[in-house]
Structures are given as C-alpha cells and as structure tokens.
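Undergrad:
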Amino acid sequence: MAPRLNCLTGCFGWQPAKLSRCNELATRAWMWAIHLILVIPTAMATFIARNNYLLVERHLQLQQYPYHPKMGLGFYMTYVGGVVLFPWLFVATLLLKKWYGTWTLLYGIVNLALAITIAMAITMQAQFLPASSNGCKDGKAMNWQVVGGHDSLFMLAAKLDRNDANKAEAICKNMVAGWTVASTVAFFQFVLAYISVFFDEREFSLLNPVRPLVWLVIILIGPAFFVHDLIFPRIRLWLSYTKKGVAELRSTKDLQIPPQTQFTPQYQSFEAPKTKLTNVLAIEHVLLNLIGYIHFEDVVNLSRTCRAVREVVYPPQDLDYRVPKLTRHCCSIAEQSKCLYCNNKICGSCQRNPLWPGLSGRRHVMGCKPYCEPCYYKSFARHPRGYKKPCKCHSTDRNNEFQDVCRSCMVKYVNTLQAARHKRYQQEARNIAYKENSECGGCKKVLKDGMRWWKCKKCGGECRDKIHPGFVKRKKERDIEKGDGGNGEQDANASWWTKWRSIL
Ligand SMILES: [Zn+2]
Ligand SMILES: [Zn+2]
Ligand SMILES: [Zn+2]
Ligand SMILES: [Zn+2]
Ligand SMILES: [Zn+2]
Numbered sequence: 003m004a005p006r007l008n009c010l011t012g013c014f015g016w017q018p019a020k021l022s023r024c025n026e027l028a029t030r031a032w033m034w035a036i037h038l039i040l041v042i043p044t045a046m047a048t049f050i051a052r053n054n055y056l057l058v059e060r061h062l063q064l065q066q067y068p069y070h071p072k073m074g075l076g077f078y079m080t081y082v083g084g085v086v087l088f089p090w091l092f093v094a095t096l097l098l099k100k101w102y103g104t105w106t107l108l109y110g111i112v113n114l115a116l117a118i119t120i121a122m123a124i125t126m127q128a129q130f131l132p133a134s135s136n137g138c139k140d141g142k143a144m145n146w147q148v149v150g151g152h153d154s155l156f157m158l159a160a161k162l163d164r165n166d167a168n169k170a171e172a173i174c175k176n177m178v179a180g181w182t183v184a185s186t187v188a189f190f191q192f193v194l195a196y197i198s199v200f201f202d203e204r205e206f207s208l209l210n211p212v213r214p215l216v217w218l219v220i221i222l223i224g225p226a227f228f229v230h231d232l233i234f235p236r237i238r239l240w241l242s243y244t245k246k247g248v249a250e251l252r253s254t255k256d257l258q259i260p261p262q263t264q265f266t267p268q269y270q271s272f273e274a275p276k277t278k279l280t281n282v283l284a285i286e287h288v289l290l291n292l293i294g295y296i297h298f299e300d301v302v303n304l305s306r307t308c309r310a311v312r313e314v315v316y317p318p319q320d321l322d323y324r325v326p327k328l329t330r331h332c333c334s335i336a337e338q339s340k341c342l343y344c345n346n347k348i349c350g351s352c353q354r355n356p357l358w359p360g361l362s363g364r365r366h367v368m369g370c371k372p373y374c375e376p377c378y379y380k381s382f383a384r385h386p387r388g389y390k391k392p393c394k395c396h397s398t399d400r401n402n403e404f405q406d407v408c409r410s411c412m413v414k415y416v417n418t419l420q421a422a423r424h425k426r427y428q429q430e431a432r433n434i435a436y437k438e439n440s441e442c443g444g445c446k447k448v449l450k451d452g453m454r455w456w457k458c459k460k461c462g463g464e465c466r467d468k469i470h471p472g473f474v475k476r477k478k479e480r481d482i483e484k485g486d487g488g489n490g491e492q493d494a495n496a497s498w499w500t501k502w503r504s505i506l
C-alpha cells in the first residue's frame, strides 16, 4: 500500500476546507482514457516536429536573420516532448495497474513537466506560424512575415529543400498541422497532469480534485464578495451617518407649538347666580343622566349656556374628577373614537367622515420602529436576503381618505387643521425617539444615546423621513443647585462646533 501523505490534509493545526470525497478508481480510469486518446496525436505531433526540426537543421540560412531564432528549438522541444511522452503513455498505463494511490502524484509530476515542455514549444512555434492553414492559402505563405526583400520562411524552405518555390504552401500547411496536433496533445496532457496531480480522494486533502475549482471560484468571486459584503455596507453606514449628522445640524431642536393658555375665571368680581337650572344640574347624578343622552360636543355647548351653568358642569375645584366622568357618560357607548384633529370624544352618530388628504405623521408615529447601529448594519446596510428598499410610502400618505372628525373640526379650514396636527405628530415622533428605555426594533435591547435609524412598518424599508430625530441625546436631569440648564437650553444658541461635537 502506498504511503499516505498526511501533510496534504493540513499541518500546524490548519486544515483545508472540507470537500466532497472522490473515487480513486475514477482517477485511474480517467488517466487510462486520456492515455488512450493521446497515443495517436502524440505520434503524429512527434513525427511532424522531427521532420520540421531536421528541415531547419539542414539549412543554415533558416537559422539566421530575419527568421525566428527559436524556430529550431520550437520544433526540437516538441519532438523531445513527444519522444518521451509516447513510450511514457504505455509505461504509465502498465504501472498504474499496480502502483497508484499516493504514487499517482509522481505520474502527475512527470505529466506536468511534459505538458509544460510541449506548451513552451508550441508557444515558440506560434510566434512564426500562421494561426491556421488559411494563412497559407492563396499565396499568403509566400508573403508571411516578409522582412525587407527577404523571402518568407516557407518560400525559402521550399527553395532550399525542394528546389521548388511553389511548395511553400505545402510546407506552411505541414508546419501549421504539426502545431495544431501538438496543441491538442498539450491540451490533453494538461488535463492528464491535472487529474494525476490532484489525485487525492480524501475530503480534507490539498490535492483533492475539486480543490483548484474551489480556489478558482474564491479568486474570481472572493474580491466581489468582499466588496459587496464588507466594503459597501460600511460605506452605506457612513453615508447614513453623514447625512443624519448634517440633517441634525440643520434641524431645529424644539418645535414651536404655541402653549394653550388656560382660561382662568375672575371670581373676585363674579358671584354665580343660583338659577333653577343650576340647582338641577348641581346634582351630579342628574347631570350625568342628562349627559348620557347627548354628545361630547353638546356637553361643551351646554356649559356655554351661561356662566352659572358652566360652574356646575365644569366646577373648577373638581375638574380632575368631573371631566373623565362626563367623557365616560356622553355619546353612545358603542363605536366610540376620538376626533383626529382635536382628540375629543366622538361616536358613530356625532362624527363626520369628510374625504380629506391623509396625514403623513400618523404613519411615522404609529408604525416606525427605532433601530440601533448594529441592527441597522445587519438589516439594511448589508442588503441581506429579503432587504427592502428605503421607504417610499410618503407618495401615498396624502391620498384622500375618509377621516373621523368631530362636528366642530368639520367646519374649520382643513389646511390649518392639518398643519396644526402635523406639528403635534412631529412632537409625538420626537417624544417617541427620546423616550426613556425605548427598545430597538431589531434586537429588542434598550437603546442608548446615539444615532437612530427607523424602519417603516408598512413597507419594511428604512424610513428616512425628517420627522424622526436622527440623533438622540437625552437631556440631563436639570440641576438647579448648579444653575445647570440641561442640554436643551444649551442647544438653542450653541455654536456649530458644540452641536457637531454632541453628535460625534
Ligand atoms: Zn357622539
Ligand atoms: Zn375635532
Ligand atoms: Zn417613519
Ligand atoms: Zn414605508
Ligand atoms: Zn438593535
């Protein structure tokens, strides 16, 4: 039994990647088959190369300028290669019956050496021969590589060897035929060398027949894979960082939502009159019973009847308890909802359903989820399987839709209503981003301060809308003792450098 070359399956703790196991008998069968294929072409190539070599040897003029200096060598090497290869095919066929396994590598080395010899020879020949026998036809042989007044190679050979210039075409065709056959031999010899060098059937062997193919694939696809999988995602991540950084610098930190001024009645100059209506409404269960039959809006209108009624419907000292009670009792219990614009309670019979343009902010507030950097890299920058393109849902956000609106909002101007609502959505989106202990939509870990990416719930793509803050740094607890204003105050009139530094 042949010795096993254990070093081929790895050394110093390193092991080549596992490949499929191959069949030793198949290797030998292929070698025998190629030996058989090679016999006749090798004999032909050797015979032709010998004749041509002797032709060049006989005539000194053919070895001199302007003819190719390696002409003789080209034919000679083909001849020597063929002379060694021809008997070797028979010897190797016989040896292979008894000596195989690791010994195949020795055949491989011999085969490779012969293949290289013949390949070098035909490369030399290619420098002074036409590519095909078409290059010899129609007098082309007489004009092939003619240098300043000298005869062509074939012309001179015909004159010197056959004393007939018309034989140039025949000599040319003969040489080209020899070259073609030698090329065929070289091709099969390389295949033979491949099979016999990569002989090892073991899965982990360096000389497993599949190994060169795997390397080839790695060499061809490796760089593209490297760029696609490691370089591009990082570029995307840094581009995203830059864009968000710039957007953050340009954004205004705090939204200008005008504070709601609360009405404070002037009790000093007002004594609530005791009307009969107030006497009745002051009894809470009577009031609530009455409210049970009217809509929320009508409760508000009822309180506007007069100051005295307002005092009993919305008693200032009891507002925190009274308002929820009123809200609970008014409107029909079934199909309750809230007005999209003023947030007041509405029900099926008091709501209106105008066909108005949709509000983009709603989608961001309800659906978009924050992502941390590692999750953004994994789910978006790397373009993994199932990756969705950046969100384009804004194109359908403003489509007309039926909205649930209270009667008071219904009569207001829609653009003003929507602008005010959008501002509230902006504030809500900011609140969501700055919320303590909010979780990453991907890994569910609590998000720290830093860059945020957002994923659209509707389409699954990255939401790049400016409504979401790109960078989140939570305000410090305001320390009044130190006179510390927190980050928020600093933002308002900080220099660009301070802003930039806080992002970095
Ligand atoms: Zn109602
Ligand atoms: Zn409303
Ligand atoms: Zn969004
Ligand atoms: Zn989307
Ligand atoms: Zn995450």
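Just so you know, we're using our numbering here: the sequence shown kicks off at 3 and counts up by one. In this text, a Cβ means the ideal position worked out from N, Cα and C, and glycines have one as well. Remember, it's a predicted structure, so these values are computed and weren't measured experimentally.
Look at the Cβ atom of I124, then the Cβ atom of A35, and state whether they are nearer than 8 Å.
TA: Taking 8 Å as the Cβ cut-off, I124 and A35 do not qualify as a contacting pair.
Undergrad: Would you list the residues sitting across from G452 in a DSSP beta bridge?
TA: Per DSSP, V474.
Undergrad: What number of angstroms, rounded off, separates the C-alpha of R23 from the C-alpha of V212?
TA: Cα to Cα, the separation comes out at about 9 Å.
Undergrad: Starting from the N-terminal end, write out each residue whose C-beta falls within a distance shorter than 6 Å of any non-hydrogen atom of ligand 7.
TA: What this structure holds is ligand 1, ligand 2, ligand 3, ligand 4 and ligand 5, not ligand 7.
Undergrad: When DSSP labels each residue in this structure, what does F130 get in the three-state scheme?
TA: Three-state DSSP puts F130 in coil, outside helix and strand.
Undergrad: For N145 versus S134, is the C-beta spacing smaller than 8 Å?
TA: No, they are not a contact pair.
Undergrad: Ligand 2 heavy atoms versus the CB of S2: any closer than 7 Å?
TA: An answer regarding residue 2 cannot be provided, because it is not within the stretch 3 to 506 covered by the chain.
Undergrad: Provide the residue span of the alpha helix (DSSP H) that contains E359, from first to last.
TA: First, the amino acid is wrong: residue 359 is Pro here, not Glu. That residue, P359, is in no alpha helix (DSSP H); its beta strand (DSSP E) goes 357-359.
Undergrad: Hey, could you find the ends of the beta strand (DSSP E) E403 is sitting in?
TA: Where E403 is concerned, the enclosing beta strand (DSSP E) stretches over 402-404.
Undergrad: Within 10 Å of its beta-carbon, does L289 have 16 or more other beta-carbons around it, so buried, or fewer, so exposed?
TA: With 16 or more Cβ atoms within 10 Å of its Cβ, L289 is classed as buried.
Undergrad: Expressed to the nearest angstrom, what Euclidean distance is found between the alpha-carbon atoms of A302 and C344?
TA: Looking at the sequence shown, residue 302 is not Ala but Val. Between V302 and C344, the C-alpha separation is close to 13 Å.
Undergrad: Taking 8 Å as the CB-CB limit, is C408 close to chain C?
TA: In the displayed structure, chain C is absent; only one protein chain is listed.
Undergrad: Applying the 10 Å Cβ sphere with the 16-neighbour rule, what's the burial state of R312?
TA: R312 is buried by the Cβ-count criterion.
Undergrad: How long is the line joining the alpha carbons of L215 and A19, rounded to whole angstroms?
TA: The straight-line gap from Cα to Cα measures roughly 13 Å.
Undergrad: For E250, is the classification buried or exposed, using 16 other Cβ atoms within 10 angstroms of its Cβ as the cut-off for buried?
TA: Buried, by the Cβ-count rule.
Undergrad: Would you call the region 106-121 and the region 84-91 touching, i.e. three or more CB-CB distances under 8 Å?
TA: These segments touch.
Undergrad: Cβ-heavy atom distance between P376 and ligand 5 below 7 Å?
TA: The answer is yes for P376.
Undergrad: Can you find the residues in the same chain that come closer than 6 Å, C-beta to C-beta, to E26, ignoring five residues on each side of it along the sequence?
TA: E203, listed in sequence order.
Undergrad: Can you tell me which of W90, Q129, V407 puts its alpha carbon nearest to the alpha carbon of A115?
TA: Of the candidates W90, Q129, V407, the one whose C-alpha sits nearest the C-alpha of A115 is W90.
Undergrad: Got a sec? Which residues, its chain only, sit under 8 Å from R306 by beta carbon, not counting five neighbours each side?
TA: Closer than 8 Å at Cβ, skipping near neighbours: R312.
Undergrad: Which same chain residues, not among the five before or five after N495, have their C-beta less than 8 Å away from its C-beta?
TA: Caution is warranted here: a pLDDT of 48 is assigned to N495, below 50, making its placement in the model unreliable, and no coordinate value can be reported.
Undergrad: Can you give, in chain order, each stretch of the beta strand (DSSP E) that sits fully within the region 134-220 and has at least 3 residues?
TA: With a minimum length of 3 residues, no continuous beta strand (DSSP E) run stays inside the region 134-220.
Undergrad: What does the shell around ligand 1 hold, if a residue joins when its beta-carbon is under 5 Å from any heavy atom?
TA: Checking every Cβ against the heavy atoms of ligand 1 under 5 Å gives H297, C333, C349, C352.
Undergrad: Between R384, N433, C352, which has its C-alpha nearest V229's C-alpha?
TA: Closest option to V229, Cα to Cα, is R384.
Undergrad: Relative to the C-alpha of S207, which candidate in H396, I335, T11, S339 has its C-alpha closest?
TA: For the residues H396, I335, T11, S339, the minimum Cα distance to S207 belongs to T11.
Undergrad: Does the distance from the C-beta atom of V474 to that of Y427 stay below 8 Å?
TA: For V474 and Y427, no; Cβs fall outside 8 Å.
Undergrad: Grab me the residues of D231's own chain with a C-beta within less than 8 Å of its C-beta, minus the 5 sequence neighbours each way, in chain order.
TA: Same-chain partners within the cutoff: R384.
Undergrad: Skipping 5 residues on each side, what residues in its chain have a beta carbon closer than 8 Å to that of V199?
TA: L107, G110, I111, N113, L114, L209.
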